[in-house]
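Chemist: Just so you know, the working numbering puts 178 at position 169 of the sequence shown, and the rest follows in order with no gaps. No residue lacks a Cβ here, since even glycine has one placed at the ideal position from N, Cα and C. Being a predicted model, the structure only gives us computed values, none of them experimental. This is the structure, below, for whatever I ask next.
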Amino acid sequence: MTFVLSQVPAASRKFRTIDGERERRVRFAAGGVPEDISKTADPEFRTMRCESHNFTVAIFLSPFLVGGYQPDPTRHMWAIHLDEPDAAWVPGITGFDRVILSAANWFACPAMFYEAGRVVGCHYCLAPDVPDLTHRHSLRMAFRAALRALTGPGAGRGTAAATAGGRGRGRWMTGQDLDFHTAQVEEFARAKVAVVEAGGRGPRLVLMDTTPATVLRPDGHPSRYGHWAHENVTLYNDCVHWCLPGPIDAWNEMLLQMLLRDPS
């Protein structure tokens, strides 16, 4: 998934929407032409500057929020270091006023889990003597590590917003449900408590929970119903489609309103 980070002075919040994922685009208010000031040619890591509105937005691809890679791409097995925030985004957030993090569906992939450099479990690895801790464990620990990086010592005092997704894809072609929602909400609450216990130092935390609204928009969420009613088939439990209008537009409006009402 992606990180979206924006630097928006209070007097210059004249922007339209920010869309995430691979077919993303950044749309600004009329008259604002963004300049690409990215430090890399990698399309997954872009920084755009709209000088007329004193507005900068940067997008970082970080599928697991923490360190993750495929030791052997032909095996489709990931190695995820649950206690190490991803170096792809952590150094880049310095100086930004707002940080928005979002991740979920990548955790459905088969993976080996590491903590302190040692294997602690896996998700659907089928390896002997390695406990299957499920995707929920990796999602929870990854969010915990990412939020700790945002709120720990040296963190800024801007706004950090986490987006909580609902139910994701099960193993392909089996029609399973995966609960991505609970762990994200609980880890967000945990991080807020930590900020309070630290005397309020650190960023203001805000949760954008898209689940209740998205449940009302089945037009963009095929789920297991992506076939004709008379067909007796077991289909993969499909996720929300970014190519279908409706839910994603609603998410953009939710995000816009949250940013406009941000008192910081």
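For N241, count neighbouring C-beta atoms within 10 Å of its own C-beta (all shown protein chains included) and say buried if the count is 16 or more, exposed if not.
Modeler: Your numbering for residue 241 matches position 232 in the sequence shown. Result: exposed.
Chemist: Should the region 143 to 158 be called in touch with the region 67 to 86, which here means at least 3 C-beta pairs below 8 Å?
Modeler: At 8 Å Cβ cutoff, the stretches touch.
Chemist: Find the nearest neighbour of W115 within the set T143, F54, M263, judged by alpha-carbon distance.
Modeler: Numbered from 1 along the sequence shown, position 106 holds the residue referred to as residue 115. With distances taken between Cα atoms, W115 lies closest to T143.
Chemist: Would you kindly work out how many angstroms separate the C-alpha atoms of W98 and P140, rounded to a whole number?
Modeler: One-based indexing of the sequence shown puts residue 98 at position 89. One-based indexing of the sequence shown puts residue 140 at position 131. Distance between the alpha carbons of W98 and P140 is about 30 Å.
Chemist: In this structure, how does DSSP classify I109 when only helix, strand and coil are distinguished?
Modeler: Here the question's residue 109 lines up with position 100 in the sequence shown. In the structure shown, I109 sits in a strand (DSSP, three-state: E or B).
Chemist: From the DSSP output, read off the bridge partner residues of I89.
Modeler: Residue mapping note: residue 89 aligns to position 80 of the sequence shown, counting from 1. In the DSSP output, where bridge partners are listed per residue, I89 has G77, F122.
Chemist: Which residue wins for smallest C-alpha separation from T191, given the options A88, S71, H146?
Modeler: One-based indexing of the sequence shown puts residue 191 at position 182. Ranking A88, S71, H146 by Cα distance to T191 puts H146 first.
Chemist: Within 10 angstroms of its Cβ, does D228 collect 16 or more other Cβ (buried), or is it exposed?
Modeler: Walking along the sequence shown from the start, residue 228 turns up at place 219. When all chains shown are included, D228 counts as exposed.
Chemist: Could you tell me the boundaries of the alpha helix (DSSP H) in which H144 lies?
Modeler: For the purposes of this step, residue 144 is identified with residue 135 of the sequence shown, where counting begins at 1. Per DSSP, H144 is one residue of the alpha helix (DSSP H) stretching across 143 to 160.
Chemist: Rounding to the nearest angstrom, what Cα-Cα distance links I102 and A96 in this structure?
Modeler: On the sequence shown, residue 102 is found 93 positions in, with the first residue counted as 1. On the sequence shown, residue 96 is found 87 positions in, with the first residue counted as 1. Straight-line Cα distance between these residues: approximately 11 Å.
Chemist: So is I257 buried or exposed if we call it buried at 16+ other beta carbons inside 10 Å?
Modeler: As a first step, residue 257 is located in the sequence shown; it is residue number 248 there, counting from the start. Looking at its Cβ environment, which holds 16 or more other Cβ atoms inside 10 Å, I257 is buried.
Chemist: Here's the rule: buried if 16 or more other CB atoms are within 10 angstroms of the residue's CB, otherwise exposed. What is H132?
Modeler: Residue mapping note: residue 132 aligns to position 123 of the sequence shown, counting from 1. The residue is buried, with at least 16 neighbouring Cβ atoms inside 10 Å.
Chemist: Starting from H132, trace the alpha helix (DSSP H) both ways and give me its first and last residue.
Modeler: Here residue 132 is taken as the residue at index 123 of the sequence shown, counted from 1. H132 -> not in any alpha helix (DSSP H); beta strand (DSSP E) instead, spanning 127 to 132.
Chemist: Whose C-beta lies closer than 8 Å to the C-beta of H230 among residues of the same chain, with five residues either side of it excluded?
Modeler: Within the sequence shown, residue 230 is the residue found at index 221, counting from 1. T223, D247, C248, V249, H250, P256.
Chemist: What distance in whole Å lies between the Cβ atoms of H85 and P119, which are believed to be in contact at a cut-off of 8 Å?
Modeler: Counting from 1 along the sequence shown, the entry for residue 119 is found at position 110. Counting from 1 along the sequence shown, the entry for residue 85 is found at position 76. That pair is a contact at about 6 Å.
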